[in-house]
């Protein structure tokens, strides 16, 4: 008869072995961190801090943003566009990775909502980094099309002309975040259709005539990170992929779904060090 002590030892050994297998498996799975920012603010600018501007939990400082980008460039990261991610990791069959990118680590930088301060702070930074490093960083903007150029209650939104500027200079990838930032799970199917169709059309109209804009609004970031089965069926008729906001990195397993692409949430308390660890495949 096996004693209770032996059973406990066997159980502990089994659990330890299982944990090592799981951890080993996780270490072998390639991950891509997709960072979800909102407003990028300059705290040295009196117009972008109290009392001129309210503070929000999702704000991120431009000096921290610059530190992150510089470190990622230094470490050789490839900054994916939304179409890059779809073509090389989701499309069936996927496109072969360009040889020059095969061994480089990958990351995606996204900014939701399309705030004007983010545009005014980020575009000059991207140009400066390009001059200094030769790396042209792509930033994916998930834009609420109906708010372009609208002052808003607290925060202004970048205008169509400003977004066009970022695209013309080769830094912006403009994608959809819905027309009016409606929660797609709380409105009728008819309104879901209007919300995603209108956003796609307005963004494409905004960028019409610019070179390299064939993929504008092919992809959607779900407002509030929310999607359900009914809304998803409508979204699929317009968008090749959809992005969540769920504090997870993309795991490159065979079972990934293009309409449930995970993103890491970023807020004012998220350190640059944590983002770099996540980019490198860490868990926290």
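Numbering (my numbering), first residue to last: 312 to 595.
Think of the CB as a built atom: it goes at the ideal place given N, C-alpha and C, for glycine as much as any other residue.
Since we're looking at a predicted model, the values are computed, not measured.
Best match in the options for proximity to residue i [C-alpha to C-alpha]
i, options, result
"residue 351", "571, 513, 422", "422"
"residue 443", "523, 385, 558", "385"
"residue 435", "391, 482, 409", "482"
"residue 571", "530, 369, 578", "530"
"residue 539", "446, 556, 496", "496"
"residue 405", "412, 379, 395", "395"
"residue 449", "509, 486, 426, 459", "486"
"residue 440", "589, 391, 407, 376", "376"
"residue 564", "468, 556, 557, 573", "573"
"residue 578", "557, 569, 594, 545", "557"
"residue 507", "349, 478, 479, 546", "546"
Cα-Cα separation between residue i and residue j, rounded to whole angstroms
i, j, result
"residue 420", "residue 488", "15 Å"
"residue 552", "residue 452", "15 Å"
"residue 533", "residue 500", "15 Å"
"residue 490", "residue 374", "30 Å"
"residue 330", "residue 525", "The predicted position of residue 330 is uncertain, since its pLDDT is 40 and thus under 50; no value can be drawn from it."
"residue 445", "residue 519", "28 Å"
"residue 363", "residue 447", "33 Å"
"residue 492", "residue 455", "6 Å"
"residue 359", "residue 549", "36 Å"
"residue 542", "residue 568", "16 Å"
"residue 594", "residue 484", "27 Å"
Buried versus exposed call for residue i [16 or more other C-beta atoms within 10 Å across all chains shown]
i, result
"residue 389", "buried"
"residue 591", "exposed"
"residue 535", "exposed"
"residue 554", "buried"
"residue 560", "buried"
"residue 425", "buried"
CB contact below 8 Å: residue i versus chain D
i, result
"residue 547", "Chain labels in this structure do not include chain D; a single protein chain is all it has."
Pairs of beta-carbons, one from the segment 474 to 494 and one from the segment 507 to 517, closer than 8 Å: are there three or more? Yes, they touch.
Would you check if the segment 423 to 437 and the segment 386 to 403 touch, i.e. whether three or more CB-CB distances between them fall below 8 Å? Short answer: they don't touch.
Are the segment 342 to 351 and the segment 408 to 420 touching, with three or more C-beta to C-beta distances below 8 Å? Contact holds: three or more Cβ-Cβ distances are below 8 Å.
Run through the segment 461 to 506 for me and flag every whole beta strand (DSSP E) of 3 or more residues, listed as ranges in chain order. The beta strand (DSSP E) runs lying completely inside the segment 461 to 506 and spanning 3 residues or more are 483 to 487, given in chain order.
Which parts of the segment 354 to 412 are runs of the alpha helix (DSSP H), unbroken and 4 residues or longer, counting only runs that do not cross its ends? Correct list: 373 to 385, 393 to 400.
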